[in-house]
Amino acid sequence: MVNFPKIFVAGHRGMVGSAIVRRLLANGHPADRIIAATHQDLDLVEQAGVRRFFEKERPDEVYLAAAKVGGIYANSVYPADFIYDNLMMELNVIHAAFRTGVKKLLFLGSSCIYPKLADQPIKESALLTGSLEPTNEPYAIAKIAGIKLCESYNRQYGDTHEVDYRAVMPSNLYGVGDSYHPQNSHVIPALLRRFHEAKVSGVATVTLWGSGKPLREFLYVDDMAAASVHIMNLPHEDYKRLMPKGKTHINVGYGSDVTILEVATIISKIVGFNGDIDFDITKPDGTPRKLMDSEVARNLGWSPKINLEQGLKLAYEDFLSREKVAS
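Yeah, the sequence shown ends on 326 if you go by numbering that gives the first Met the number 0, and it's all consecutive.
If you want it as structure tokens, here you go:
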């Protein structure tokens, strides 16, 4: 009889967390061995509540997919919220996991941890080698802290307590379960909403922030979930064999990038918007390019399955179903 571990997926209602749950279930993991808690039941920012939750539930493994996220606008307007909430979630969950004997934990970060002008494609070794993109620096610093928390617990307790905390750094994620908030969403969900509303209202031109020239690497969220479960379940020796000594984080990207103009053009066609696309160059572009080197993840046996056009079609279907808007 298989003894399935008890797994806590923090952030199970978010885009990444829900995809991880889908992947676990698809792999045959019993639903009653997956722990989840809504924000109303468990506020990960509150330390005492997190400690009580872990002491009661006693999970064997943790996927830390919970985070406060948003695009350029949200990061610019709410920097204190982004750094405080994300730091507290990481601190509380990772420490409570250690205190209750959790040996396996996967922390999900972001490609924004790397310097704004890092050499492309970005290797894991680029971390902390230069200045961050100012528009999302608070969020990036919080994610860097999460990586260093994992590394520090491994260094101090890896031998004595068999602690093995790992981290994955995805490129720009999109897909089922994304947030389509008019101001606070990331680039793809924001574009899906903008072009859909433009089509419905019959406007002739959609104006987007920046120049349209920055390059971005986009990864469908179910590919990210597959990578997360795969990397979490790798035997310790296989994982360590390809990791620099003491390091925990692995890049997970699609392997190629497109300009904002290119992705906007694809989305406009999928949505059915036939007007013009313009750009407001008085608005910030953000990092010029963010293409990650995902060789380590591929050498560990993972590769993406869903291309950008396929993923965008699935994302638009999700937008229509969740927003209950007419196509």
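From the three backbone atoms N, C-alpha and C, an ideal C-beta is built for every residue, glycine too.
Spatial neighbours of residue i in its chain, beta-carbon cut-off 7 Å, leaving aside the 5 residues before and after
i, result
"Gly310", "Tyr173, Gly174, Tyr219"
"Leu116", "Gly129"
"Lys378", "Since the first residue of the chain shown is 0 and the last is 326, residue 378 is not available in this structure."
"Ala144", "Leu86, Glu89"
"Ala95", "Val49, Arg50, Phe53"
"His235", "Asp163"
"Gly274", "Ala197, Val202, Ala203, Thr204, Val205"
Rounded straight-line distance, which links the Cα of residue j to that of residue i
i, j, result
"Val49", "Phe106", "16 Å"
"Ser109", "Ala197", "30 Å"
"Glu316", "Arg22", "20 Å"
"Val262", "Asp221", "19 Å"
"Leu131", "Asn2", "44 Å"
"Lys312", "Leu126", "33 Å"
"Lys323", "His38", "24 Å"
"Gly252", "Leu104", "20 Å"
"Ala25", "Ile305", "17 Å"
"Pro133", "Ser75", "9 Å"
"Asn135", "Gln119", "19 Å"
"Pro303", "Ser320", "25 Å"
"Asn298", "Val199", "45 Å"
"Thr99", "Asp177", "32 Å"
"Glu123", "Tyr62", "21 Å"
"Val257", "Ala314", "17 Å"
"Cys149", "Lys282", "36 Å"
"Asp237", "Lys268", "43 Å"
"Gly201", "Asp284", "27 Å"
"Thr159", "Met242", "20 Å"
"Arg57", "Pro29", "17 Å"
"Ser293", "Ile187", "21 Å"
"Arg32", "Ser151", "28 Å"
"Lys55", "Ser255", "44 Å"
"Arg114", "Leu233", "Note on residue identity: the sequence assigns Pro, not Arg, to residue 114. Approximately 29 Å, taken between the alpha carbons."
"Gly27", "Phe97", "27 Å"
Sequence-distant residues of its chain with Cβ nearer than 8 Å to residue i (five each side left out)
i, result
"Ala65", "Ala9, Gly10, Gly13, Gly16, Leu43, Met88, Val92"
"Ile280", "Gly209, Ser210"
"Asn153", "Val162, Asp163, Tyr164, Gly245, Thr247"
"Leu207", "Leu190, Arg193, Ile259, Ala263, Ile276, Asp277, Phe278, Asp279"
"Leu41", "Gly48, Val49, Phe52"
Nearest-angstrom Cβ-Cβ length linking residue i and residue j, presumed shorter than 8 Å
i, j, result
"Ala73", "Phe52", "The Cβ separation is near 27 Å, so there is no contact."
"Val228", "Ile19", "7 Å"
Beta carbon proximity, residue i to chain C, threshold 7 Å
i, result
"Gln309", "This model lacks chain C altogether, as it is built from one protein chain only."
Same chain, Cβ closer than 6 Å to residue i, neighbours up to 5 away in sequence not counted
i, result
"Pro137", "Pro78, Phe81, Ile82"
"Pro287", "Pro213"
"Pro4", "Asp59, Glu60"
"Glu142", "It should be noted that the sequence gives Lys, not Glu, for residue 142. Only Gly108, Ser109, Ile112 meet the Cβ criterion."
"Phe272", "Phe194, Ala197, Lys198"
"Gln182", "Tyr72"
Residue i and residue j closer than 7 Å at C-beta
i, j, result
"Ile266", "Leu214", "no"
"Gly70", "Ser170", "no"
"Ala296", "Ile249", "yes"
"Ile327", "Ala139", "In the structure as shown, the chain begins at 0 and stops at 326. Residue 327 is therefore absent and cannot be evaluated."
"Glu216", "Leu307", "no"
"Ile6", "Glu45", "no"
"Tyr156", "Phe318", "no"
"Ile146", "Val205", "no"
"Val167", "Ile230", "yes"
"Trp301", "Ala226", "yes"
"Asp84", "Lys67", "yes"
Residue i Cβ short of 6 Å to the ligand FAD heavy atom set
i, result
"Leu131", "Inclusion of the ligand FAD in the displayed structure is not the case, the ligand content being empty and no account of it being possible."
At which residue ranges does the region 256-283 contain complete alpha helix (DSSP H) runs of 4 or more residues, listed in the order of the chain? Fully enclosed alpha helix (DSSP H) runs of 4 or longer: 259-270.
Quick one: which unbroken alpha helix (DSSP H) runs of 4-plus residues sit fully inside the region 201-257? Chain order, please. If we require 4 residues or more, the alpha helix (DSSP H) runs fully inside the region 201-257 come out as 220-231, 235-240.
Complete runs of the beta strand (DSSP E) confined to the region 33-71 [at least 3 residues]: Runs of the beta strand (DSSP E) lying entirely within the region 33-71 and spanning at least 3 residues, in chain order: 60-63.
Threshold first: 3 residues or longer. Then list the beta strand (DSSP E) segments lying entirely within the region 68-155, N to C. Counting whole runs of 3 or more residues, the region 68-155 contains the beta strand (DSSP E) stretches 103-107.
Can you give, in chain order, each stretch of the beta strand (DSSP E) that sits fully within the region 163-193 and has at least 3 residues? Runs found: 163-169, 171-173.
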